[in-house]
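A.B. asks: My questions all concern the structure below.
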Amino acid sequence: MTAYLNALGVICALGRDKQAVARNLFAGDCSGMRRESGWVAERELPVAAVQGELAPIPAELADQRSRNNQLLLEAALQIRDDIDQAIQTFGRERIGVVLGTSTSGIDEASRGLAHYIREQQFPAEYDYRQQELGAPANFLADWLQLSGPAYVISTACTSSARALMSAQRLLDLGLCDAVLCGGVDSLCKLTLNGFSSLEAISDERCNPFSANRSGINIGEAAVLFVMSKKQGEGPAIALLGAGASSDAHHISAPEPTGRGALQAMQKALSHAHLQAAQINYLNLHGTATQHNDAMESLAVAALFPEGVACSSTKPMTGHTLGAAGALEAAFCWLSLSADNPDHALPPHVWDAQADPALPPLKWVTASERLTSIAPRYLMSNSFAFGGNNVSLIIGDAP
Numbered sequence: 004m005t006a007y008l009n010a011l012g013v014i015c016a017l018g019r020d021k022q023a024v025a026r027n028l029f030a031g032d033c034s035g036m037r038r039e040s041g042w043v044a045e046r047e048l049p050v051a052a053v054q055g056e057l058a059p060i061p062a063e064l065a066d067q068r069s070r071n072n073q074l075l076l077e078a079a080l081q082i083r084d085d086i087d088q089a090i091q092t093f094g095r096e097r098i099g100v101v102l103g104t105s106t107s108g109i110d111e112a113s114r115g116l117a118h119y120i121r122e123q124q125f126p127a128e129y130d131y132r133q134q135e136l137g138a139p140a141n142f143l144a145d146w147l148q149l150s151g152p153a154y155v156i157s158t159a160c161t162s163s164a165r166a167l168m169s170a171q172r173l174l175d176l177g178l179c180d181a182v183l184c185g186g187v188d189s190l191c192k193l194t195l196n197g198f199s200s201l202e203a204i205s206d207e208r209c210n211p212f213s214a215n216r217s218g219i220n221i222g223e224a225a226v227l228f229v230m231s232k233k234q235g236e237g238p239a240i241a242l243l244g245a246g247a248s249s250d251a252h253h254i255s256a257p258e259p260t261g262r263g264a265l266q267a268m269q270k271a272l273s274h275a276h277l278q279a280a281q282i283n284y285l286n287l288h289g290t291a292t293q294h295n296d297a298m299e300s301l302a303v304a305a306l307f308p309e310g311v312a313c314s315s316t317k318p319m320t321g322h323t324l325g326a327a328g329a330l331e332a333a334f335c336w337l338s339l340s341a342d343n344p345d346h347a348l349p350p351h352v353w354d355a356q357a358d359p360a361l362p363p364l365k366w367v368t369a370s371e372r373l374t375s376i377a378p379r380y381l382m383s384n385s386f387a388f389g390g391n392n393v394s395l396i397i398g399d400a401p
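Numbering (my numbering), first residue to last: 4 to 401.
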């Protein structure tokens, strides 16, 4: 069954709607990555934050107020007409919500706990439900008054890629006729200090696959697709294939040979009934850590011996953690959409100093163009702690 991706709402450091995000993405704009202090003690770090005021949480849902839910609301408001059309067509009980997150409202919880330590009581605006991992799906279902399945998947940096897989499964099983799916994560001290303690955060803009790479930057984003059995009025773009693996090599370090990553990509190709040579572009996980880039380059070189146009978009958005899989799937969607009339591809932004220890890959440059002849197939990789690997294939719907 074809899983049509009929609408896209997206907000991240590149912009606050899909038009702005597309424009800045294809221009290779890294201006959303800004140096800030206050996140990690005695360090000024590049972070990719969404700037400006966010949409307020409705008063009747005040107990669900969090930055995470505000980001999600911004993405949902962009496609409210498409959501309302799905509700009218299928009914509220036939629409599911499947999201990925790793932070939920943990920032509000952290500040609530700090207040409790000082004052021996929680602040009036604190509610435990803000920090529950299921909070984003509950909020969206409550706001839209949906009664279909609603849940969150939290598998670190593959969370929202797995949410898209799970949404497709709900359609295939006949449990839903449409699913609001994607992911959301917001900047917070917990994740920045956690990655800092792992010595994984760079003091400079991340530099994926470079000999000079020194770690990740953290960003925030919300992404929401309307996935349906029926094609909508927009471009005919679909989730064509998905593959997952778990090599369980280490709690935080990737399996060094890339066998789990390779297996996920091979499963995605098999699911889509495609050969590797048919893939037009690959959005790499590309975190700019020593081990991840080494592992991923080995897996990609093994699967694509003739090369494939590829790039890491994280120098523009930061690593958005639980939202990263959906965000980079959104970049594939935008590459195929009318918001990309020049058929550009996301460029690989780096210092062009290749690591001689890694197999060479075919980097997307500013002049690279995606064919305008359908069908076109774009792949996106997401890898996570615990050896959790996901690969998605987004393309022109059959």
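All C-beta atoms, glycine included, are put in the ideal place defined by N, C-alpha and C.
1) Quick check on this structure: which residue in 120, 247, 223 has the alpha carbon closest to the alpha carbon of residue 158?
2) So residue 329 packs on residue 166, CB below 8 Å; how close in whole Å?
3) By the three-class DSSP mapping on this structure, what secondary structure does residue 120 have?
4) Assuming residue 331 and residue 286 form a contact by the criterion Cβ under 8 Å, report the distance between their Cβ atoms to the nearest whole angstrom.
5) Looking at C-alpha atoms only, which residue of 140, 114, 122 is the closest neighbour of residue 130?
6) Does the segment 11-26 come within contact of the segment 67-81, defined as at least 3 CB pairs closer than 8 Å?
7) Where DSSP assigns a beta bridge to residue 322, which residues make up the other side?
8) By the three-class DSSP mapping on this structure, what secondary structure does residue 51 have?
9) Along the chain, where does the beta strand (DSSP E) that runs through residue 382 open and close?
10) Sorted by chain position, which residues of the same chain lie with C-beta nearer than 6 Å to residue 119's C-beta, five sequence neighbours on each side aside?
11) With the cut-off set at 8 Å, would you say residue 386 and residue 288 are in Cβ contact?
12) Would you mind sorting residue 354 into buried or exposed? The rule is 16 or more other CB atoms within 10 Å of its CB.
13) Any idea if residue 188 is buried or exposed, counting beta-carbon neighbours within 10 angstroms, 16 or more meaning buried?
14) Looking at residue 395: is its Cβ nearer than 8 Å to the Cβ of residue 242?
15) Is it true that the CB of residue 327 sits closer than 8 Å to the CB of residue 261?
16) Which residues in the same chain have their Cβ closer than 6 Å to the Cβ of residue 366, if we skip the five residues on either side of it in sequence?
17) Taking DSSP as the reference, what is the three-state secondary structure of residue 353?
18) Looking at the secondary structure, which residues open and close the alpha helix (DSSP H) in which residue 175 lies?
19) In angstroms, rounded to a whole number, what distance separates the CA positions of residue 401 and residue 43?
20) List the DSSP bridge partners of residue 244.
21) Using DSSP bridges, identify the partner residues of residue 365.
22) Determine the DSSP secondary structure at residue 377, reduced to helix, strand or coil.
23) Hey, residue 174 and residue 4: beta-carbon distance below 8 Å or not?
24) Taking the alpha-carbon positions, what's the residue 238 to residue 337 distance?
25) DSSP has residue 188 in a bridge; who is on the other side?
C.D. replies: Once the coordinates are examined:
1) Taking the first residue of the sequence shown as 1, we reach residue 158 at position 155. The candidate whose alpha carbon is nearest that of residue 158 is 247.
2) Counting from 1 along the sequence shown, the entry for residue 329 is found at position 326. Counting from 1 along the sequence shown, the entry for residue 166 is found at position 163. With 8 Å as the limit, residue 329 and residue 166 qualify as a contact, their Cβ atoms being about 7 Å apart.
3) Translated into positions along the sequence shown, residue 120 becomes position 117. Helix, per DSSP.
4) Taking the first residue of the sequence shown as position 1, residue 331 is located at position 328. Taking the first residue of the sequence shown as position 1, residue 286 is located at position 283. About 5 Å; that satisfies the 8 Å criterion.
5) Position 127 of the sequence shown holds residue 130. The residue with the shortest Cα to Cα distance from residue 130 is 114.
6) yes
7) If you number the sequence shown from 1, residue 322 lands on position 319. In DSSP, residue 322 forms a bridge with 221.
8) Position 48 of the sequence shown, counted from the first residue, corresponds to residue 51. DSSP places residue 51 in strand when its eight states are reduced to three.
9) Position 379 of the sequence shown, counted from the start, is the residue given in the question as residue 382. Unbroken beta strand (DSSP E) run through residue 382: 380-387.
10) For this step, residue 119 is matched to residue 116 along the sequence shown. Cβ neighbours of residue 119 beyond the five flanking positions: 125.
11) On the sequence shown, residue 386 is found 383 positions in, with the first residue counted as 1. On the sequence shown, residue 288 is found 285 positions in, with the first residue counted as 1. Result yes, Cβ atoms of residue 386 and residue 288 sit closer than 8 Å.
12) Taking the sequence shown and counting its residues from 1, the one referred to as residue 354 is at position 351. When all chains shown are included, residue 354 counts as exposed.
13) The residue labelled residue 188 in the question sits at position 185 within the sequence shown. When all chains shown are included, residue 188 counts as buried.
14) Numbered from its first residue, the sequence shown carries residue 395 at position 392. Numbered from its first residue, the sequence shown carries residue 242 at position 239. In contact: residue 395 and residue 242 (Cβ atoms closer than 8 Å).
15) Residue numbering aside, residue 261 sits at position 258 when the sequence shown is read from its first letter. Residue numbering aside, residue 327 sits at position 324 when the sequence shown is read from its first letter. Contact: no.
16) Against the sequence shown, residue 366 aligns to sequence position 363. Cβ within range, chain order: 351.
17) Position 350 of the sequence shown holds residue 353. Of the three classes helix, strand and coil, the one that applies to residue 353 here is coil, per DSSP.
18) Residue numbering aside, residue 175 sits at position 172 when the sequence shown is read from its first letter. 162-175 is the extent of the alpha helix (DSSP H) around residue 175.
19) By one-based count along the sequence shown, residue 401 stands at place 398. By one-based count along the sequence shown, residue 43 stands at place 40. Those two C-alpha atoms are separated by around 48 Å.
20) Translated into positions along the sequence shown, residue 244 becomes position 241. Paired residue(s): 396.
21) Residue numbering aside, residue 365 sits at position 362 when the sequence shown is read from its first letter. Paired residues: 312.
22) To locate residue 377, count along the sequence shown from 1; it is residue 374. Looking at residue 377 - three-state DSSP - the assignment turns out to be coil, as it is neither helix nor strand.
23) What you label residue 174 is simply residue 171 of the sequence shown in a count that begins at 1. What you label residue 4 is simply residue 1 of the sequence shown in a count that begins at 1. It is a contact, given that the beta carbons lie within the stated cut-off.
24) Start at 1 with the first residue of the sequence shown, and residue 238 comes out as number 235. Start at 1 with the first residue of the sequence shown, and residue 337 comes out as number 334. Approximately 10 Å between the Cα atoms of the pair.
25) The count along the sequence shown starts at 1 and reaches residue 188 at position 185. Looking at the DSSP assignment, residue 188 forms a beta bridge with 224.
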